[in-house]
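For the sequence shown, UniProt numbering assigns the number 1 to the initial residue and increments by one for each residue that follows.
All residues carry an ideal CB built from backbone N, CA and C; glycine is no exception.
Values in this document were obtained by computation on a predicted structure and should not be read as measured data.
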Amino acid sequence: MTPKVQSTISYLGILWLVAFFSCFFLPTLLAQGIPAQQKFVVKKTRIIDNENIFTSKEIQQLDSIVTHCWDEGIAEIVIVTLDDRHTNKENFDSYVFNNLTSYALGEYGKNNGIVIAISKKLRQMRIENGYGVEQVLSNTATKKIIDEQFIPKFKDGQYFEGTLNGLHTIISDMAKAMKEEDFTLVSSIFTPSIFKKIRAFVLENGSPQTFRNLDSDNPSYNFTSLDVFLGPSRKNSFVLKNFQEDDYYEMTIRDNDGNLYQFVYFEKSTPEQTFIHRKMKSEKVYWWYPGDKYLSSDVWPLLAQIEDEIVQKSAVK
Numbered sequence: 001m002t003p004k005v006q007s008t009i010s011y012l013g014i015l016w017l018v019a020f021f022s023c024f025f026l027p028t029l030l031a032q033g034i035p036a037q038q039k040f041v042v043k044k045t046r047i048i049d050n051e052n053i054f055t056s057k058e059i060q061q062l063d064s065i066v067t068h069c070w071d072e073g074i075a076e077i078v079i080v081t082l083d084d085r086h087t088n089k090e091n092f093d094s095y096v097f098n099n100l101t102s103y104a105l106g107e108y109g110k111n112n113g114i115v116i117a118i119s120k121k122l123r124q125m126r127i128e129n130g131y132g133v134e135q136v137l138s139n140t141a142t143k144k145i146i147d148e149q150f151i152p153k154f155k156d157g158q159y160f161e162g163t164l165n166g167l168h169t170i171i172s173d174m175a176k177a178m179k180e181e182d183f184t185l186v187s188s189i190f191t192p193s194i195f196k197k198i199r200a201f202v203l204e205n206g207s208p209q210t211f212r213n214l215d216s217d218n219p220s221y222n223f224t225s226l227d228v229f230l231g232p233s234r235k236n237s238f239v240l241k242n243f244q245e246d247d248y249y250e251m252t253i254r255d256n257d258g259n260l261y262q263f264v265y266f267e268k269s270t271p272e273q274t275f276i277h278r279k280m281k282s283e284k285v286y287w288w289y290p291g292d293k294y295l296s297s298d299v300w301p302l303l304a305q306i307e308d309e310i311v312q313k314s315a316v317k
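What follows is the structure, encoded as structure tokens:
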């Protein structure tokens, strides 16, 4: 046999041996080298007790309550305790607003988060509501809960009992408000065509402005004696910032006295913010929480002013 032929046979023999060992031993080796996949459950912490004012059993009870609240779609609540390692008495409120609101953003587009910040050492407390929460639980109502449910027990050194009382009241009030009708159909005066005209004008001529606690870069326009803000509906847009004109379903008018008039209009496809748009129909304009205000006397003059200024602005162009 010539050396060349012998070399070829030897090479083929080596390949056969490699194939043989690969078929019978490689799966075993790989199985030994790669551990079996495990399911890791990441549990989000909703009770952050930096001051150690709660026992482990109390933390479990509070966590169970806020978890159930989230599962029911009411709100995402986080309870945080702070001391002088984090801030001081004078800067407590600003610290909570600037550093803790991200703990409870809630769902994208809903902003249904609540941060309850407590400091036993600094003798301070603040509740920061997401914008979606403010629609059903006002800042005035929140302050009343603090004064009547949290503080009395805190003064007696009963921080768990006070927190429990306040937490139950917040959740109860939120759940009750969400079941009630909180909007009025106003399409007869504030027509969809007017809504879309104002929306298009603000998007073309306005500028981004922070308007809400847990939201930013709302398109806005400053008219002579009032401001108009727009809010988007698609939850992913809060991250992607890829809004289309029709995505801006919400319009808020703020007058010189700080009164807010909030309106909703959406196209045929219902927005993803079902938390807000209960029972609303498409291609209609609704007035959110009119309270003691009247469309004819309170809103109509504002709309007339806006339309006049839009006409004047267009004439200048």
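Judged by DSSP secondary structure, residue 301 falls within the alpha helix (DSSP H) whose first and last residues are 300-316. In the DSSP assignment, residue 119 falls within the beta strand (DSSP E) that extends over 113-119. Straight-line measurement puts the Cα of residue 115 at about 25 Å from the Cα of residue 250. Between residue 267 and residue 246, the alpha-carbon positions lie close to 7 Å from each other. Spatial neighbours of residue 85 in its own chain (CB-CB distance under 8 Å, excluding positions within 5 residues in sequence) are listed in chain order as 50. Closest in alpha carbon position to residue 195, among 205, 306, 293 and 63, is 306. By a beta-carbon distance limit of 8 Å, residue 295 contacts residue 189. Their separation comes to about 6 Å. For residue 132, the enclosing alpha helix (DSSP H) covers residues 131-134. Annotated three-state conformation of residue 294 is coil, per DSSP. The C-beta distance from residue 288 to residue 262 rounds to 4 Å, short enough to meet the 8 Å contact threshold. Counted as a single uninterrupted DSSP element, the alpha helix (DSSP H) harbouring residue 60 occupies residues 56-71. Per DSSP, the beta bridge partners of residue 226 are 255.
The C-beta separation of residue 203 from residue 177 comes to about 31 Å, leaving the pair out of contact by the 8 Å criterion.
Three or more pairs of CB atoms, one per stretch, sit closer than 8 Å, so the segment 73-84 contacts the segment 162-175. Annotated three-state conformation of residue 81 is strand, per DSSP.
Per DSSP, residue 145 is one residue of the alpha helix (DSSP H) stretching across 139-145. The C-beta distance from residue 146 to residue 166 rounds to 7 Å, short enough to fall under 8 Å. Scanning its chain for C-beta atoms nearer than 6 Å, with the 5 sequence neighbours on each side dropped, one finds around residue 95 the residues 87, in chain order. Membership of residue 207 in any alpha helix (DSSP H) is not indicated; the residue belongs instead to the beta strand (DSSP E) covering 207-209.
Secondary structure of residue 286 (DSSP, three-state): strand.
Secondary structure of residue 265 (DSSP, three-state): coil. Membership of residue 151 in any beta strand (DSSP E) is not indicated; the residue belongs instead to the alpha helix (DSSP H) covering 151-155. Put simply, the backbone Cα of residue 284 is about 44 Å away from that of residue 151.
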